[in-house]
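Right, one structure below, let's go through it.
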Ligand code: PGA
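Residue numbers (our numbering): 156 to 406.
So, in structure tokens, the structure goes:
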């Protein structure tokens, strides 16, 4: 398993983007090549774009998928396996994003199986967790995130790398972000869960924050204790916005 604490700046295009958007990836790759930020840069894109996105990235940034199947192969019409993502040029995949959990009924067990499949294929698996607004209001944030971590993390085999993304549901696409103290508290809790589960390897795993990350708040979020990177939705769709976030990476 690769151990690194370089921050990971990851974009999540969701269900946006056809071939005509590849110029955004070329622009991001060119600017990363020129500015060489002290961070790993990853863009997770729809499966149909991965092959072309990897070409457009020209080795300057990594390309990932947004979901993968639990199974390695078989009679699962329409599903895309982790091996297929890898074969198309991906080196990472997001699993258990709240939009998958909500709209596709993905349980913690399903997310863990997907993460296991991703690691087996040698991909970085980014496992998402996060509480709803009601759960936060009821003071259940730590319990919910702890339970999601316990249920959604696979055992770690050799080869892949595991990261966690804390994405409070109410912060996604809303323009609202938790206070610094709240981010620190959840990340510290997640870290203790990871260390309890994986020992020293758990200490080295990156915990990303996601939810309304933009150029204006990226630096202050990245400066917080135990924030190992960010997962960015809306602000990753255009090269100009994503570049602005990259410029905020502490050097
Ligand atoms: P957002 O999305 O940056 O648009 O809030 C983040 C995510 O859903 O990963």
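Built from N, CA and C at the ideal position, the CB exists for glycine as well. Predicted, not measured: the structure shown is a model, and the values here were computed from it.
Quick one, which of 176, 309, 178, 184 has its alpha-carbon nearest residue 398's? 184
Does DSSP put residue 180 in a helix, a strand or coil? helix
State the Cα-Cα distance for the pair residue 401 and residue 175, rounded to the nearest angstrom. 23 angstroms
Quick check: does the Cβ of residue 167 come within less than 6 angstroms of any heavy atom belonging to the ligand PGA? yes
Kindly indicate which three-state DSSP category residue 385 falls into: helix, strand or coil? strand
State the Cα-Cα distance for the pair residue 261 and residue 375, rounded to the nearest angstrom. 32 angstroms
Residue closest to residue 336, alpha-carbon to alpha-carbon, out of 379, 181, 360: 379
Which residues mark the beginning and the end of the alpha helix (DSSP H) in which residue 400 is found? 394-402
Spatial neighbours of residue 373 within its chain, please: C-beta separation below 7 angstroms, excluding the five flanking residues on both sides. 385, 400, 403
Residues in the same chain with beta-carbon distance under 7 angstroms from residue 322, minus the five sequence neighbours each way, listed in chain order, please. 253, 283, 285, 365, 366, 386
Of all the options 316, 165, 288, which has the alpha carbon lying nearest to the alpha carbon of residue 390? 165
Would you check whether the ligand PGA has a heavy atom nearer than 6 angstroms to the C-beta of residue 220? no
Let me check understanding here. Comparing Cα to Cα, which of 361, 332, 291, 219 lies closest to residue 276? 219
Can you grab the Cα-Cα spacing for the pair residue 325 / residue 331, in whole Å? 7 angstroms
Just how far apart, CA to CA, sit residue 291 and residue 256? 18 angstroms
Within 10 angstroms of the Cβ of residue 161, are there 16 or more other Cβ atoms? Answer buried if so, exposed if not. exposed
Measure the CB-CB distance between residue 388 and residue 362 and report whether it falls below 7 angstroms. no
Give every residue of the same chain whose Cβ lies closer than 6 angstroms to the Cβ of residue 349, excluding the five residues on either side of it in the sequence, and list them in chain order. 357, 360
Residue 163: CB within 6 angstroms of a non-hydrogen atom of the ligand GDP: This structure does not include the ligand GDP; its bound ligands are the ligand PGA.
By how many angstroms is the C-alpha of residue 316 removed from the C-alpha of residue 279? 5 angstroms
May I ask whether a heavy atom of the ligand PGA can be found less than 6 angstroms away from the beta carbon of residue 197? no
Compute the beta-carbon to beta-carbon distance between residue 229 and residue 201, rounded to the nearest angstrom, for a pair I have assumed lies under 8 angstroms. Their Cβ separation, rounded to whole angstroms, is 22 angstroms, which puts residue 229 and residue 201 out of contact at 8 angstroms.
Whose C-beta lies closer than 6 angstroms to the C-beta of residue 266 among residues of the same chain, with five residues either side of it excluded? 250, 251, 307
Can you tell me whether DSSP reads residue 217 as helix, strand or coil? strand
Roughly how many angstroms separate the alpha carbons of residue 216 and residue 368, rounded to a whole number? 19 angstroms
CA-to-CA distance, residue 264 to residue 300, given in whole angstroms: 15 angstroms
Nearest to residue 222 by alpha carbon, out of 214, 393, 327, 245? 245
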